[in-house]
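Contents: one structure, followed by commentary.
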Amino acid sequence: GDYSIFVQSWNEPNGGIHGYLGRFLQSGDATFQHIAVWTLLQLFESEDKALIGLIGKADDIIEHIRNIANRQVEAEPEFEEEDEGEVVNLAQRCLELLGQSMSKAHIEG
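Reading the sequence shown from the start, the letters are residues -9 to 99 in my numbering.
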């Protein structure tokens, strides 16, 4: 697919995709965080080098993902914690994909 619209809209208008992801990730709301992390996974799976490069340089986004990925989830989840557990798993997957993409770019670059 063509992901150039995401690259063009990374910072504009109004903070662009970058701003949207940052706001949703730092919201503290598991649903918003889930939407942002899922969006990031889709963007990673695009394998668009320019887009993944922008994500990799977005220190604020990476920091939010790390914070979510490192969150402790209760052993016996109620409904709310169950959502949180899925967000944590998705965030961990994002970090895995980011690591693979960045090391691949480093090797190829």
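All residues carry an ideal CB built from backbone N, CA and C; glycine is no exception.
- Under the three-state reduction of DSSP, D(-8) is assigned to coil, being neither helix nor strand.
- Taking 8 Å as the cut-off, the beta carbon of L33 is found no closer than this to the beta carbon of W0.
- For N4, there is no enclosing alpha helix (DSSP H), as DSSP marks it with neither H nor E.
- If you look at D49, you'll find it in the alpha helix (DSSP H) that goes D49 to A59.
- Counted as a single uninterrupted DSSP element, the alpha helix (DSSP H) harbouring Q23 occupies residues A20 to E35.
- With a beta-carbon spacing of about 6 Å, I25 and F14 fall inside the 8 Å limit used to define contacts.
- Annotation for G9: no residue places its beta carbon closer than 6 Å to its own, counting only its chain and skipping 5 residues before and after.
- Taking 8 Å as the cut-off, the Cβ atoms of H54 and Q16 count as close.
- Taking the Cβ atoms as the reference, G12 lies roughly 5 Å from D50, within the contact range of under 8 Å.
- Between G18 and the set I(-5), V77 and C84, the nearest pair of CA atoms involves V77.
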